[in-house]
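When we follow this note's numbering, the leftmost residue of the sequence shown carries the number 1, and every step to the right adds one. Each residue gets a CB set at the ideal place from its N, CA and C atoms; glycine is no exception.
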Amino acid sequence: MKANILLWGVAAGLFALDQITKWLVIAEIPVNSSIQVIPGLFDLVNIRNRGAAFGFLNRHDMDWQFWLFLAATAVAVGAILILARGARRQPLMTVGLGLVLGGAFGNLLDRLRWRAVVDFLDFYWAEWHWPAFNVADMGICIGAALICLATFRRQKFLGWASQ
């Protein structure tokens with residue numbers, strides 16, 4: 001029961017933070033506009049990403065990617081819920097799964113509302129430019145790292161890492 005509370009609490013917290021930050025961006029920055037925060041390093045932007053991470057399949061001339069990412073999110077949520085059952089005594093794994101779940105729901109809601117995800121954190125340096133992202137994306141990445149760490153720690157504990 002405590003693992004379920006942790007999983008859903010982390011997911012709900014990330015989802016809320018993601019939606020609040022996106023609401024603020026939408027309210028304050030016109031679409032396809034930016035606010036320079038740290039010159040030469042960081043801007044706040046308001047862009048729509050119809051694709052996946054790093055702008056993969058972000059094309060306006062295709063509509064099928066909406067259905068692909070909708071199905072992928074459903075499969076991911078199902079997998080997370082199955083994995084969470086086995087992670088009840090692993091708080092690090094549970095937190096990681098909760099972050100991925102909350103991020104998936106945050107981006108899913110965007111896709112259902114606008115058929116695109118709102119991205120607003122834009123980092124760059126000289127000619128190098130990282131694709132814009134959002135709080136849900138950060139949760140998914142940090143969650144995935146925690147899942148990997150928890151898996152590695154468990155394997156090491158069980159003696160699998162040395163085989």
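For residue j and residue i, the rounded distance between their alpha carbons
{"i": "residue 84", "j": "residue 116", "result": "28 Å"}
{"i": "residue 65", "j": "residue 151", "result": "31 Å"}
{"i": "residue 129", "j": "residue 108", "result": "25 Å"}
{"i": "residue 16", "j": "residue 40", "result": "30 Å"}
{"i": "residue 113", "j": "residue 20", "result": "15 Å"}
{"i": "residue 154", "j": "residue 29", "result": "45 Å"}
{"i": "residue 31", "j": "residue 47", "result": "6 Å"}
{"i": "residue 9", "j": "residue 34", "result": "32 Å"}
{"i": "residue 148", "j": "residue 80", "result": "14 Å"}
{"i": "residue 77", "j": "residue 68", "result": "14 Å"}
{"i": "residue 70", "j": "residue 63", "result": "12 Å"}
{"i": "residue 42", "j": "residue 124", "result": "6 Å"}
{"i": "residue 75", "j": "residue 37", "result": "37 Å"}
{"i": "residue 142", "j": "residue 82", "result": "20 Å"}
Contact under 9 Å by Cβ, residue i with residue j
{"i": "residue 144", "j": "residue 96", "result": "yes"}
{"i": "residue 100", "j": "residue 49", "result": "no"}
{"i": "residue 12", "j": "residue 102", "result": "yes"}
{"i": "residue 22", "j": "residue 110", "result": "yes"}
{"i": "residue 14", "j": "residue 98", "result": "yes"}
{"i": "residue 73", "j": "residue 104", "result": "yes"}
{"i": "residue 146", "j": "residue 92", "result": "yes"}
Cutoff 7 Å; reference residue i; Cβ partners in own chain excluding five residues on either side
{"i": "residue 94", "result": "3, 6, 7, 84 and 87"}
Opposing strand residues paired with residue i [DSSP bridges]
{"i": "residue 42", "result": "38 and 123"}
{"i": "residue 4", "result": "DSSP, once it has assigned bridges, lists no residue as partnering residue 4."}
{"i": "residue 49", "result": "117"}
Close Cβ partners of residue i (< 8 Å) along its chain, the five nearest in sequence each way excluded
{"i": "residue 134", "result": "18, 21, 22, 106, 107, 117, 118, 119, 120 and 121"}
{"i": "residue 127", "result": "none"}
Curious, which full-length beta strand (DSSP E) runs of at least 3 residues does the stretch 116 to 141 contain?
117 to 125
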